[in-house]
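S.K.:
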Amino acid sequence: MLYEERIYRSLINKDNLTSYNIKIAESDLFISSDINLADQALRSLVKHRYSLEYYIKNHPEFSTSLLPLSKDNLAPPIVRDMLIKSNTCMVGPMAAVAGAISEFVGYDLFNQTENLIIENGGDIFLRSKTRLTVAIFAGESALSYKIKVAIKPEETPLGICTSSATVGPSLSFGKADAVCVISKSATLADAAASAIGNRVKTEKDIKIALNYGIKIPGVKGIIIICGNDMGAIGEVELV
């Protein structure tokens, strides 16, 4: 499958950035930065995965619940953030895991590079000094890669996360080929993409889902692709 081989990573415009891959179990990070920060990124990923795994060992419902769980002020930072952001979006905490990993690793590397793109299964945390264009992968849809969003440097750091019912392993109760959410928080963007995607059963649901999603606190913009139809709302500059 195209997604499983992650062929889309070869399409990322790296310009003068150094790119490298960091992988532990389900976390498969493709990172581009001014200099090679692979060792630092690996240490960060190990730290945050340990926090998650240790918490899940003692709170197994964290990994299985499809509904929000109560806040836990004693939990590690990444767990607390996932609990808060998933609560905002009314989904289970693991709906935010890929975006959270991207964001927390991103901030660990933040002071070492002016340009940083971390992609984790289609969920992106980025910081850039130049204008970027992000193309949306939407599986078999005719619109896949044809819908592109411009990102201005002053808008970053930013999270751009995509949920799909037709691509990849993520659980979705909808039928959308891609629900892309833009937020200052990648953790929130990931959780919101899942919540919005669950509401898209057919092309007719796009407008309703957009209007629902833009009301989620912290969501800046949304693009939904379902079959050959698409819609957008909020702070989205299409190229």
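Under this note's numbering, the first residue of the sequence shown is numbered 565, with each subsequent residue one higher. From the three backbone atoms N, C-alpha and C, an ideal C-beta is built for every residue, glycine too.
(1) C790 and D754 - do their beta-carbons sit closer together than 8 Å?
(2) Count the C-beta pairs between the region 611-618 and the region 655-674 that are closer than 8 Å, then say yes if the count reaches three, no if not.
(3) Within its chain, find whatever has a CB closer than 6 Å to the CB of K712; leave out the 5 residues flanking it on each side and keep chain order.
(4) Beta-carbon separation of G686 and T726 under 8 Å?
(5) Mind checking which residues open and close the beta strand (DSSP E) that includes D687?
(6) Should I682 be labelled buried (16 or more other beta-carbon atoms within 10 Å of its own) or exposed?
(7) Give the range of the beta strand (DSSP E) segment to which F594 is assigned.
(8) In whole angstroms, what is the alpha-carbon distance linking D636 and K621?
(9) Residues in its own chain within less than 8 Å of M654 by CB, not counting five upstream and five downstream?
(10) Could you check which residue in E704, N684, G785 has the C-alpha nearest to that of E799?
(11) Check each candidate in K710, E678, N580, I688 and name the one with the smallest Cα separation from E718.
(12) Comparing alpha-carbon positions, which option in D793, M794, Y776, I787 lies nearest T652?
(13) Tell whether a beta-carbon distance below 8 Å holds between I599 and S583.
(14) Tell me, to the nearest whole angstrom, how far the beta carbon of G761 is from that of V743; I am working on the premise that it is less than 8 Å.
(15) Would you kindly work out how many angstroms separate the C-alpha atoms of N580 and K748, rounded to a whole number?
(16) Spell out the partners DSSP gives N684 in its beta bridges.
(17) Which residue's Cα is closest to the Cα of L601: T694, V764, L673, L638?
(18) To the nearest angstrom, report how far apart K771 and G795 are at their CA atoms.
(19) Please name the residue, chosen from L606, R644, I746, L638, that lies closest to L690 on a Cα-to-Cα basis.
(20) So, using beta-carbon positions, are N792 and A662 closer together than 8 Å?
(21) Strictly by DSSP, which residues pair up with M794?
M.R.: Answer, in terms of the structure:
(1) Your numbering for residue 754 matches position 190 in the sequence shown. Your numbering for residue 790 matches position 226 in the sequence shown. The answer is no: Cβ separation not under 8 Å.
(2) yes
(3) The residue given as residue 712 occupies position 148 in the sequence shown. Taken in chain order, the residues that qualify are T697, A699, V803.
(4) As a first step, residue 686 must be located in the sequence shown, where it is residue number 122. As a first step, residue 726 must be located in the sequence shown, where it is residue number 162. The answer is yes: Cβ separation under 8 Å.
(5) Looking up residue 687 in the sequence shown gives position 123. Counting along the chain, the beta strand (DSSP E) containing D687 begins and ends at 687-691.
(6) Sequence index remark: in the sequence shown, residue 682 carries index 118 (1-based). Its Cβ being crowded by 16 or more others within 10 Å, I682 is buried.
(7) By one-based count along the sequence shown, residue 594 stands at place 30. Element bounds for F594: 591-597.
(8) Sequence index remark: in the sequence shown, residue 636 carries index 72 (1-based). Sequence index remark: in the sequence shown, residue 621 carries index 57 (1-based). For D636 and K621, the distance between alpha carbons rounds to 15 Å.
(9) Indexing the sequence shown from 1 puts residue 654 at position 90. Same-chain partners within the cutoff: L631, P632, A759.
(10) In the sequence shown, the residue the question calls residue 799 occupies position 235. Among E704, N684, G785, the Cα nearest to that of E799 is on G785.
(11) The residue you call residue 718 lines up with position 154 of the sequence shown. With distances taken between Cα atoms, E718 lies closest to E678.
(12) Taking the sequence shown and counting its residues from 1, the one referred to as residue 652 is at position 88. Answer by Cα proximity: Y776.
(13) Position 35 of the sequence shown, counted from the first residue, corresponds to residue 599. Position 19 of the sequence shown, counted from the first residue, corresponds to residue 583. Cβ distance not < 8 Å, so I599 and S583 don't count as in contact.
(14) Along the sequence shown, read from residue 1 onward, the residue named residue 761 stands at position 197. Along the sequence shown, read from residue 1 onward, the residue named residue 743 stands at position 179. Right, the Cβ-Cβ distance comes to about 4 Å (below 8 Å), so this counts as a contact.
(15) One-based indexing of the sequence shown puts residue 580 at position 16. One-based indexing of the sequence shown puts residue 748 at position 184. Answer to the nearest angstrom: the Cα atoms are 25 Å apart.
(16) The residue you call residue 684 lines up with position 120 of the sequence shown. Answer is L593, D687, bridged to N684.
(17) On the sequence shown, position 37 is the one that residue 601 refers to. Looking at the Cα atoms, L673 is the closest of the given residues.
(18) Translated into the one-based positions of the sequence shown, residue 771 becomes position 207. Translated into the one-based positions of the sequence shown, residue 795 becomes position 231. Their Cα atoms are separated by approximately 7 Å.
(19) Mapped onto the sequence shown, residue 690 falls at position 126. Of the candidates L606, R644, I746, L638, the one whose C-alpha sits nearest the C-alpha of L690 is I746.
(20) If you number the sequence shown from 1, residue 792 lands on position 228. If you number the sequence shown from 1, residue 662 lands on position 98. No, the pair does not count as a contact, with Cβ atoms beyond the cut-off.
(21) Residue 794 sits at position 230 when you count from the first residue of the sequence shown. Paired residues: I789.
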